[in-house]
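Going down the list, the protein sequences come from chains A and B.
So that you can map any letter, position 109 of the first sequence is 136 in our numbering, and since no number is skipped, the others follow by simple counting.
So that you can map any letter, position 138 of the second sequence is 165 in our numbering, and since no number is skipped, the others follow by simple counting.
Heads up: the structure comes next, in structure tokens.
2 protein chains.
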Amino acid sequence: MDNNELENPPGPARRSPGRPRKKSTNLEESTEGQKPVDESLNDRQRELLRLVIQEFVVTAAPVSSEAIVAKYRLPYSSATVRNEMAELERQGYITQPHTSAGRIPSDLGYRYYVERLMVRPGNLSPLEQHTIQHQFYQIQLELNEWLRLAASVTAHTSHNAALVSTPRVYDSRLKYLQLLSVQERLALIVLVSRDGTIREQMTALDQPQSQDDLTTISNRLNTLLKDFNWKKMEERIKDWPDDSSRTMAQKVIDTLRLLDQSQAAQIYRDGLANILSQPEFSDIERVRQVIQVIENGQAITNIIPEVLSNEGQAVQVIIGGDNRFDDLRSLSVVLARYGIDGQVAGVVGVVGPTRMEYGRSISTVQYISHLLSGLINDRRG
Amino acid sequence: MDNNELENPPGPARRSPGRPRKKSTNLEESTEGQKPVDESLNDRQRELLRLVIQEFVVTAAPVSSEAIVAKYRLPYSSATVRNEMAELERQGYITQPHTSAGRIPSDLGYRYYVERLMVRPGNLSPLEQHTIQHQFYQIQLELNEWLRLAASVTAHTSHNAALVSTPRVYDSRLKYLQLLSVQERLALIVLVSRDGTIREQMTALDQPQSQDDLTTISNRLNTLLKDFNWKKMEERIKDWPDDSSRTMAQKVIDTLRLLDQSQAAQIYRDGLANILSQPEFSDIERVRQVIQVIENGQAITNIIPEVLSNEGQAVQVIIGGDNRFDDLRSLSVVLARYGIDGQVAGVVGVVGPTRMEYGRSISTVQYISHLLSGLINDRRG
DNA sequence: TTTAGCACTAAATATTAGAGAGTGCTAAAA
DNA sequence: TTTTAGCACTCTCTAATATTTAGTGCTAAA
């Protein structure tokens, strides 16, 4: 109940809508690691904002001036803190659920924290890294099992919900294909692309063909089409005679193109239970919303291609939907790409309340994406 | 809040623990379709029980004598109904949340309803069947995409949460294998079993081998091991010379055995949001429990192999955990097997509150399992 | 055997009072 | 000029109490 206001950011935050973008730009201009100069907040205000957020992340209750002074033994009184808080509120970094309550961070506050105040997220502890690696390398797994595991581990490590998208392959090239007779007029195309993806496709035959016929065809196609992507293949077969080899080649092309294009990223999810035990989800209606969003929401599906195309940034943090994804108000999403630049790419992400441990989430997705990239790399030749 | 008592079945239901089993036996003995004779409930009582349950399933609120008489224009007064209800309660089929409330069905009541009172669930309407078929046959899909779709459709059709397990294959037989060089000392085994399952397995090589070497080996293995299951293969290779073919054969055997055995059924889930909008989940704590159970609970994983081994029954209904699955108190599960007897088998199921439309759930899993069985059958040769 | 009538019970809802938490402001102190 | 003690003020939270409502079980008559 304390957090109702998170959903409807109060006046002050709205009054300066241009601010977050500007801040973000500042960060990019300043050298990383150096403390950026800020015109509007002095050191003490920044420090207090940091403390308010840290405290709120842990307690989930509005943070009072008194409490913060006592807990951190600040060298000034609660009255001073109140004055500074008033200024922080005026600038939209924190808000009050009601007059006589403490302060809670606004989305803008979180943004500022993530970009400028947070202790830079380091790596996961060696112990955690080791535990995770152990799980990954323990058994030989298929790709989808890796991804499922990745989602599970990410959720567990970040203490939030996690999502992992299947990697999308651009420009698949044929490594090997095999045709298998299923019935007289039904064949199975098995197609291995150079990045190790396997695609099977059942296909009807115009005329009955034996396994021997099919083997002959597949041998020919293997020789002629190997290492090509579907566009190259299409050029190549243009002047072929109109025989069964060509018909089959066309089907292979279609399958390969399908692999490239229609490839709707499947999304593995896990850890929903983690975030629902957070106090912000004591309201059942919010729980339903969140489940809708995570289970099959548009927002998630919309974000992913965006992250994939966004080649620059290593980790992307979307706070409270950032005014773009309405379903995600009150949720934050931390996303990292994995894969091989320009060839294979997927997304690993953490979803949780805006009040999340951003540092931990960032470390987690960084590490897991690193791990997945390694695995993908191993799978290729 | 009305339904608190569902979780802790009150006295009467406990007093006659042998009853449900006995009933179930009776049903099996009696000819299907014929109205079974019952010593303890007269026609009017049965009719009233049916009405109470039907009403409760729709309204989710305790059913009062007055309401039921008015709504169904019963030819007797509410006082009479009250008398009969008292008897139904004494026998444990219904309970009162508190003294001055209406009646709600107990698990025992639901059981009785499902086995003896329910209008026998027919098929889904032709329109629904058509819609579903349309979704299934619209595009060529891979197995896991079929299953994902099946979960989604089941959830949507049953208005509850759905789960679909990956089919487990007993006794896989090799249809075709291919070895692909990935790096000098790293190869990919691609293995197609006769039922159309494809398994890929990366393997390290003792000594560098070219693609040509690997092709030679795979040709030999294809000829010698085709159509065998892993046990047969092991016999077969017993007296082979200890060369690279044999080493590879052993790896193929291991992979095939893995396919048969370790094959932990993956479970596709969908429609969690459906059941959480039900009024029984207005209590956040219950929501959390349910999500735990459905997302990664033991109960589900325990039930599935049980259903698979239970070859007789077409559809299995577990009500409120049936005193065996504690996590499932207040939930019911409707399960059907799909696949081909003795060869491939998976499970499709509906999970919802005990107050669910059993008829619809049963029709849905029946139809979907039928459809999946067909698809599996098509995939084989 | 059925039913009208009614006392009784327990929950749900509304009302009120009081306590608690934390602020903003003022005026004095540093 | 900045900081801080003091205090009035605001709003929520909790508990206690009364009121309403729904629906029963029982009795006695039909």
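Even for Gly, the Cβ is constructed at its ideal location relative to N, Cα and C.
- Looking at the backbone, the Cα of L398 (chain A) and that of N404 (chain A) are separated by about 10 Å.
- Within the stretch 310-371 of chain A, complete beta strand (DSSP E) segments of at least 3 residues are found at 342-346, 358-367, given in chain order.
- Counting only Cβ-Cβ distances below 8 Å, V314 (chain A) has contacts in chain B at L303, I311, V314, in chain order.
- Between I244 (chain B) and L206 (chain B), the gap from beta carbon to beta carbon is short of 8 Å.
- Of all residues in the stretch 199-226 of chain B, those with a C-beta nearer than 9 Å to a C-beta of chain A are K202, Y203, Q205, L207, S208, V209, Q210, L213, L215, V217, V219, G223, I225, R226, reading in chain order.
- With contact defined as three or more Cβ pairs closer than 8 Å, the stretch 262-281 of chain A and the stretch 144-160 of chain A are not in contact.
- The beta carbon of D281 (chain A) sits closer than 7 Å to no other beta carbon from its chain once the five residues preceding and following it are set aside.
- In this structure, D198 (chain B) and D287 (chain B) form a Cβ contact; the two beta carbons are roughly 7 Å apart against a cut-off of 8 Å.
- Scanning B:V90, B:N323, B:G376, B:G298 for the CA closest to the CA of R175 (chain A) turns up B:N323.
- M229 (chain B) sits away from L248 (chain B), with the two beta carbons spaced by 8 Å or more.
- Between E111 (chain A) and chain B, the shortest Cβ-Cβ separation is not below 8 Å.
- When only Cα atoms are considered, V196 (chain A) and L151 (chain A) end up about 29 Å apart.
- Rounded to the nearest angstrom, the Cβ distance from V320 (chain A) to I327 (chain A) is 7 Å, consistent with a contact under 8 Å.
- The C-beta separation of V334 (chain B) from I389 (chain B) comes to about 14 Å, leaving the pair out of contact by the 8 Å criterion.
- Nearest CB-CB separation between I331 (chain B) and chain A: not below the 8 Å threshold.
- Selection A:V375, A:T86, A:G401 evaluated against V392 (chain A) yields A:V375 as nearest (Cα-Cα).
- If you check the CB distance, R387 (chain A) and S185 (chain A) come in under 8 Å.
- Inclusion of S336 (chain A) and Y365 (chain A) in the CB contact set at 8 Å is not warranted, their separation being larger than that value.
- Contact check for T122 (chain B) against S133 (chain B) passes: the beta carbons are separated by less than 8 Å.
- For E169 (chain A), a Cβ of chain B is located within less than 8 Å of the residue's own Cβ.
- A residue is called buried when at least 16 other Cβ atoms come within 10 angstroms of its Cβ; P194 (chain A) meets this threshold and is buried.
- At a cut-off of 8 Å, the C-beta of R406 (chain A) has a neighbouring C-beta in chain B.
- Under the Cβ distance rule, I318 (chain A) counts among the residues neighbouring chain B, one pair being separated by less than 8 Å.
- Listed along chain A, the residues sitting closer than 9 Å to M229 (chain B) by beta-carbon distance are Q167, G223, D405, R406.
- In chain order, T193 place their CB closer than 6 Å to the CB of Q293 (chain B), counting only its own chain and leaving out the 5 sequence neighbours on each side.
- Contact of A300 (chain B) with chain A by beta-carbon distance below 7 Å involves R315, I318, Q319, E322.
- With a contact defined as Cβ atoms closer than 8 Å, L135 (chain A) and R73 (chain A) miss out at about 14 Å.
- If the five residues before and after L204 (chain A) are omitted, its C-beta is found closer than 8 Å to the C-beta atoms of I216, V217, L218, V219, S245, L248, N249, L252, V279, all from its own chain and listed in chain order.
- Under the DSSP assignment, Q210 (chain B) falls in the beta strand (DSSP E) whose first and last residues are 201-210.
- Annotated three-state conformation of M145 (chain A) is coil, per DSSP.
- A distance below 7 Å between beta-carbons, with the five flanking residues on each side excluded, links R226 (chain B) to the following residues of its chain, in chain order: L218, T282, L286.
- In this structure, DSSP gives A87 (chain A) a state outside helix and strand, which the three-state scheme calls coil.
- Closest in C-alpha terms to V146 (chain A), from the list A:N110, A:Q81, A:D240, comes A:Q81.
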